[in-house]
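Residue numbers (this note's numbering): 324 to 539.
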Amino acid sequence: MSEQNRQGKLVVISGFSGVGKGTVVKELLKQYDHYALSVSMTTRAPREGEQHGISYYFVTKEEFEKAIGEGGFYEYANYQGRYYGTPRAFVDASRERGMDVILEIEVQGAMQIKEKFPDTLLIFIATKDAAEMERRLTGRGTESFDQITGRLKAAVGEAEQMQHYDYVVINDDLQECVEQMNGIILTEPEGPRYDPAFKEQFVKGLEEIVAKRTVQ
Ligand code: 5GP
324 MSEQNRQGKL
334 VVISGFSGVG
344 KGTVVKELLK
354 QYDHYALSVS
364 MTTRAPREGE
374 QHGISYYFVT
384 KEEFEKAIGE
394 GGFYEYANYQ
404 GRYYGTPRAF
414 VDASRERGMD
424 VILEIEVQGA
434 MQIKEKFPDT
444 LLIFIATKDA
454 AEMERRLTGR
464 GTESFDQITG
474 RLKAAVGEAE
484 QMQHYDYVVI
494 NDDLQECVEQ
504 MNGIILTEPE
514 GPRYDPAFKE
524 QFVKGLEEIV
534 AKRTVQ
């Protein structure tokens, strides 16, 4: 619950593709009333069921570049050949109202935010291992074989950035993950937060899977 006059926290949530970040974030918003979700702008095409202004603001490359020129973004990144960026205005207004603002963004953007706003809380969501990540990406059926391979390759680099996050959370059971995330955001508990062995194991798994997919 937000106290009066308290400025809301800025919370960055990143994670591997297919990890269920979107679902976790949706549940946080549904189950608790102190969150606001920043809607990003992107030049990628909408997926089935996605709505302009709700999932993303879907714009052309020219429109995106115009917004960059006007200083309209807190951060932006090029991910898999498409632009993604966080519009400033909504974040500022929501934090002023005491809402904790969630940015669901990839790692390059997260690092820009961390540099500009060191108080930001950064949470990385992972699957329990690389094989589970591949299963989920394949299961959602929204990307081609090559796109999935691209996302698995990108995840190797993303895993290297995990160490810069304040917390790494595994999304195995959805409700447990949601409650754990809310607890972290509210209390920011002390304790070990990043496990290098987990990262190494994950990267090894990714590399094996990518190698298998590229010889096929
Ligand atoms: P997708 O195409 O699957 O919706 O998103 C691809 C990646 O872009 C995800 O990791 C997502 O978190 C990230 N993303 C979404 N919006 C933004 C944004 O505004 N800025 C940055 N840097 N990444 C974003």
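Backbone N, C-alpha and C define an ideal beta-carbon position, used for all residues, glycine too.
Beta-carbon to beta-carbon, residue 453 and residue 404 are separated by about 23 Å, too far to satisfy the 8 Å threshold. Excluding its 5 nearest sequence neighbours in each direction, residue 515 has no C-beta neighbour in its own chain below 7 Å. Relative to the ligand 5GP, even the nearest heavy atom lies 7 Å or more away from the CB of residue 343. 8 Å or more divides the Cβ of residue 447 from the Cβ of residue 333. It is roughly 37 Å from the alpha-carbon of residue 456 to the alpha-carbon of residue 393. If you compare the alpha carbons of 478, 412, 508 with that of residue 526, the shortest gap goes to 478. Taking 7 Å as the cut-off, one finds at least one heavy atom of the ligand 5GP near enough to the beta carbon of residue 367. Cβ-Cβ distances below 7 Å link residue 358 to 351, 352, 422, 423, 425 in the same chain, with the five nearest sequence neighbours on each side left out; the list follows chain order.
Under the 10 Å beta carbon count, residue 523 is surrounded by fewer than 16 other beta carbons and is classified as exposed. Rounded to whole angstroms, the gap between the alpha carbons of residue 460 and residue 513 is 33 Å. For residue 505, the enclosing alpha helix (DSSP H) starts and ends at 497-510.
The beta carbon of residue 431 lies closer than 7 Å to those of 400 in the same chain, with the five residues before and after it left out.
Residue 407 is positioned such that its CB atom lies no closer than 8 Å to that of residue 384. A distance of 8 Å or more separates the beta carbons of residue 335 and residue 412. In terms of Cα proximity to residue 466, the closest of 354, 329, 371 is 371.
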